[in-house]
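Report on the following structure.
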Amino acid sequence: MLAVMEKELRMFFRYPLRVVSSIIVGIVFLVQFIFFGQAVLGGRYSSMLAASTGMGDYPTYALIGYVLWWLFTSPIEAYIFGIRRELQRGTLEINMLAPLRTIKFLIGLSLGWILIDNVLMGVVFLFGVCLFKIPLSWGIILKAVPIFMLAFVAFLGFGMIFAGLVMLFKNIGALGQIFEFLVMFLSGVFFPLNVMPYWVRAVGNAIPLTHAINIVRGVFVGKSYAEMASSLQALLLLSTAYWLISYGIFRWAEKITRVVGYGGY
Amino acid sequence: MNAIEVRELKKSYPKKIPLPLRRVEWIEAVKGISFEVKKGELFGLLGPNGAGKTTTIKMLTTLLEPTGGEAKILGYDIKRDAREIRKRINLVAEGERTLYWRLSAYENLKYFSRIYYVPKNKEKGRIEELLKLVGLWERRNDLVMGFSRGMKQRLAIAKALINDPEVLFLDEPTLGLDVQSALFVREFIKKLVEEHKKTVLLTTHYMAEAEELCDRIAIIDHGKIIALDTPEGLKRMITDEDAVEIKVKDFAPSKLERSPFRMAVVKEDASTNMLLLRGQVVEEELPKLVEWLVRRGAKILSVEQKEPTLEDVFIKLTGRAIRD
Amino acid sequence: MVATELRPLWAVMVKNWRIFLSYKIWFVSDILMGLFFVAQALLIGIGLTGERNSPALQKLTGYSDYVAFAVLGLMVLFFGLTFLSGFVWNVVDELYAGTLEYNFAAPMRRPTFFLGNVLLRIVMTLIYLIFYLVLFKFLFNLHLNFLAFIKAVPVLLIGALGMIGLGMAAAGVVLYLRDPGPFITVLEMLVFALSGAMYPLSILPKGLQIMAKALPYAPTTDAIRKVVAFGYGSAKNEIVYLIVISSVYVLFGYVAYKWSEKQARVIGLKSY
């Protein structure tokens, strides 16, 4: 598994300009919306936002949403692009033949990407903290870390659905990206969900990202875990559910591809 | 009048992009070559990879500017009259990816006919004629993406005839083609010169191809022309001696550098450790050569006398063989 | 000379159109991109203020309808990116495809080739923009005065000249990079952040403001927003500045293009 990861890391850092460009894309995307929000507000505090979500400071609100969204999307992209690349290189079948268990191989394949992706996310986060002077303390960080880890486990399971899909349909890169952008609307990344109709909020509640964002925002305004028990329960429940669902889908996809062949490019 | 006249043509490439204030090293790819090609002649540039063949073609087709010397195509200077030349010539570049894969064969030719100023009333007829000539008329509406390598090359040749050029430049026209396609392309080139009276300059590193096709051949190595004659004339350089092919095992080719014999490695099989050596040896010298090889650890598997070919000319001139 | 170049020009446009059509997914993602940004803008605005109008924005820019503000900015940005990315990607794509050399070997004049690329892009972008305007009108109940918008077209064209200059310069440079993809992305993002599409530049730190003013995008956006809202009379300063900056970029683009053309003949085109 480590070998697979190392291979991915090496391939990425061969092009240093790619690292820079990924970070800049991340930053520009973030500041677009925060600056827009500030321009509309004429400041950074929204009493409206405070009333509906408990957090009034828009830059903090948006930064948390964005960072978690990034964490959420990276397994999806890792699975999609990892498998697609292997398919393109024609090496998937060889790797599947190796004694390594398929699921381990998949996670190895994606962990390299996820690691890089999250380091980039960290850079963007720090940049955001400095640019917008987000109030940050060790207490908050320590309290947020377990949530991030829990959320990450949930996201890893959720993303695995796409690993199954990509094996079945091969070319779903565009679909994956559209889904990722759609989630921005469903999970309240840049705006509060109460502006959305009821059914959108219902769909949003089925996505682990929505709850993870809620909890971390709660941590930032100083709520205790107990106060957010319902969100925590939802996150745990969804995490288990998605691991089971995606594992089922993946096994099924694997069985089907064994029948119809992996198919090359 | 000559179709092509080349005088002391030189080309150097910078190792890095020469920005103002940046000192860059230059590498000489073509070191002053001269030759003429008569109208209606099929002229070949023969040499190993990296000898400067493609660079020469790119200069003559006005894609690259020479660093020195001059050249005229149909009386036009390649530096000053680039556009006039472009109207009257065409080229098939090396490699597979030169046409638009996402367009059909017909769309490709239509596009090129327009950027070559083919008159509107001739466009349709010309495209149809060319597609039939290269045997792609039935597949005219298919995307190039789905074509085989050979079909792509045939289309590239049709493209190169779209402006009815007087002079045609072909860079390694059969490289990477299967046997059948290569045969078609060679026959086609012959027909162009014999029936359509085109002047053709082609580059190749296949000896047999140069020998079969060309009226005259310039052998080029390290950016210089080392011999220029008809195939017969070139072979006459070596008729006093015989060509010998020796198959040996367990012999380090580097040892050949210090040998008194002009032998070169023609084939190498790393897995079985076998080498095929070729060169000219007078009959009386043959035992000495064998003895020399054996003393250096070689196991002789076979010794054969061969008809001299252009390969032997190249070996005689450079001490090396042209290989892929 | 002009007459003989018309057929090749048309051929370049048709060829690019065919190639574009063969990538259907681009079309969808292009449309969705515009929708994505405008919808975000609307929802952020409503979520933060509960209103469709923002007095704060009115004070900064004169626009109280923030959706109209964002739509105008994004349209100029999309239009501008046409030249930059469209231009650059076109050249890079042809280079990757290996087809650039045959184009350069043809007697067609080089500017015809580049112009053909740009013209098709402009036509397509205009179609997109009209589509967006109609879509947003229905979807978000956008209040934009169409007449005022048409009035601003000459300003857009002045700005376009500068953007073409920048695009040509970028295309010239990109031909000689080892890995052009990320470079283009960085450039695009820079333009995105500094174009003032979604927010007034005054909200940016001082250094970035100066950079934004030095690119042709933000001055175009500023001038157009002024013209649409208040007419030509009050936008005099913005327009004069735009003319100056556009001229500079036209000159810059021309020089860079000439340099690049010379390089192409000295070192040859890169092959992948």
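As given, the protein sequences belong to chains R, L and G, one line each in that order.
Residues in the first sequence are numbered consecutively from 97, following this note's numbering.
Residues in the second sequence are numbered consecutively from 7, following this note's numbering.
Residues in the third sequence are numbered consecutively from -13, following this note's numbering.
Every residue, glycine too, gets a C-beta built ideally from N, C-alpha and C.
Terminal residues of the beta strand (DSSP E) in which residue i lies
i	result
ILE95 of chain L	95 to 98
TYR19 of chain L	8 to 20
GLY74 of chain L	74 to 79
ALA270 of chain L	269 to 275
ASP248 of chain L	248 to 255
ALA233 of chain L	230 to 235
Rounded C-alpha distance that separates residue i from residue j
i	j	result
ILE32 of chain G	LEU113 of chain R	38 Å
PRO125 of chain L	ILE168 of chain L	11 Å
PHE258 of chain R	ILE176 of chain R	7 Å
GLU76 of chain L	ALA214 of chain L	31 Å
HIS307 of chain R	GLY158 of chain G	48 Å
VAL136 of chain R	LYS116 of chain L	53 Å
ILE225 of chain G	LEU60 of chain G	19 Å
VAL30 of chain L	LYS22 of chain L	6 Å
ILE163 of chain L	HIS228 of chain L	28 Å
GLY360 of chain R	ARG180 of chain R	For GLY360 of chain R, the pLDDT reaches just 44, beneath the cut-off of 50, and the residue's location in the model is therefore unreliable, although a value from the coordinates is still provided. Each residue's Cα considered, the two are about 10 Å apart.
GLY141 of chain L	ARG92 of chain L	26 Å
ALA322 of chain R	ILE237 of chain R	17 Å
TRP245 of chain G	GLY239 of chain G	10 Å
GLY193 of chain G	LEU228 of chain G	20 Å
GLU71 of chain L	VAL57 of chain G	48 Å
ARG297 of chain R	ILE30 of chain G	16 Å
GLU201 of chain L	GLY46 of chain L	10 Å
PRO195 of chain R	GLY178 of chain R	Below a pLDDT of 50, predicted positions are generally treated as unreliable, and PRO195 of chain R, at 48, falls in that range; no measurement from the model is reported.
TYR106 of chain L	LEU289 of chain R	48 Å
GLY217 of chain G	THR61 of chain L	58 Å
GLU290 of chain L	VAL296 of chain L	11 Å
LEU202 of chain R	PRO242 of chain R	25 Å
Minimum Cβ-Cβ distance from residue i to chain L less than 7 Å
i	result
SER8 of chain G	yes
PHE94 of chain G	Before going on, a small fix: residue 94 of chain G reads as Met here, not Phe. Yes, MET94 of chain G counts as interfacial toward chain L.
SER254 of chain G	Looking at the sequence itself, residue 254 of chain G is Gly, so the reference to Ser does not match. Chain L, which has a Cβ nearer than 7 Å to the Cβ of GLY254 of chain G, makes this yes.
VAL14 of chain G	no
Assumed close pair residue i, residue j - CB separation to whole angstroms, cut-off 8 Å
i	j	result
PRO205 of chain G	LYS199 of chain G	7 Å
LEU142 of chain G	PHE65 of chain G	7 Å
VAL124 of chain R	PHE69 of chain G	No, VAL124 of chain R and PHE69 of chain G are not in contact; Cβ-Cβ is about 19 Å, not under 8 Å.
ARG4 of chain G	LEU109 of chain L	6 Å
GLY161 of chain R	VAL291 of chain R	About 14 Å; that fails the 8 Å criterion.
LEU21 of chain G	VAL53 of chain G	Going by Cβ atoms, the distance from LEU21 of chain G to VAL53 of chain G rounds to 13 Å, so no, they are not a contact pair.
Neighbour flag for residue i against chain G, beta carbons, 7 Å
i	result
MET144 of chain R	yes
GLU71 of chain L	yes
GLU124 of chain R	According to the sequence displayed, residue 124 of chain R carries Val and not Glu. By this cut-off, VAL124 of chain R is an interface position.
ALA99 of chain L	yes
LEU109 of chain L	yes
ARG114 of chain R	yes
GLN329 of chain R	no
VAL219 of chain R	no
ILE121 of chain L	yes
THR62 of chain L	no
Any chain R beta carbon closer than 7 Å to residue i
i	result
GLN195 of chain G	no
PHE124 of chain G	no
PHE22 of chain G	yes
SER246 of chain G	no
SER233 of chain G	no
Host alpha helix (DSSP H) of residue i (start-end)
i	result
TRP295 of chain R	294 to 301
GLU144 of chain L	Element bounds for GLU144 of chain L: n/a, residue is neither H nor E.
ILE133 of chain L	126 to 139
TRP75 of chain G	73 to 83
CB contact below 7 Å: residue i versus chain C
i	result
GLY178 of chain R	Of the protein chains in the structure, R, L and G, none is chain C.
Chain G contacts from the region 257 to 284 of chain R (Cβ-Cβ distance under 8 Å): For the region 257 to 284 of chain R, the set of residues with a beta-carbon nearer than 8 Å to any beta-carbon of chain G comprises ALA270, GLN273, ILE274, PHE277, MET280 and PHE281, in chain order.
Using a Cβ-Cβ cutoff of 8 Å, what residues of the region 58 to 90 of chain G are near chain L? List them in chain order. ALA83, GLY84, THR85, GLU87, TYR88, ASN89 and PHE90
Name, going along the chain, the residues of the region -13 to 6 of chain G whose beta-carbon falls closer than 8 Å to a beta-carbon of chain L. THR(-10), ARG(-7), PRO(-6), TRP(-4), ALA(-3), VAL(-2), VAL0, LYS1, ARG4 and ILE5
Could you run through the region 159 to 188 of chain G and flag, in chain order, every residue whose CB is less than 8 Å away from some CB of chain L? TYR162
For the region 289 to 312 of chain R, list every residue whose C-beta sits within 7 Å of some C-beta in chain G, in sequence order. So the list reads VAL291, given in the order they occur along the chain.
Compile a chain-ordered list of the residues in the region 129 to 158 of chain G whose CB is closer than 8 Å to at least one CB of chain R. none
Counting only Cβ-Cβ distances shorter than 8 Å, please list the residues of the region 322 to 354 of chain R near chain G, keeping chain order. none
If contact means a Cβ-Cβ distance below 7 Å, which residues of the region 170 to 193 of chain L contact chain G? Those residues of the region 170 to 193 of chain L that come within reach of chain G (Cβ to Cβ, closer than 7 Å) do not exist; the list is empty.
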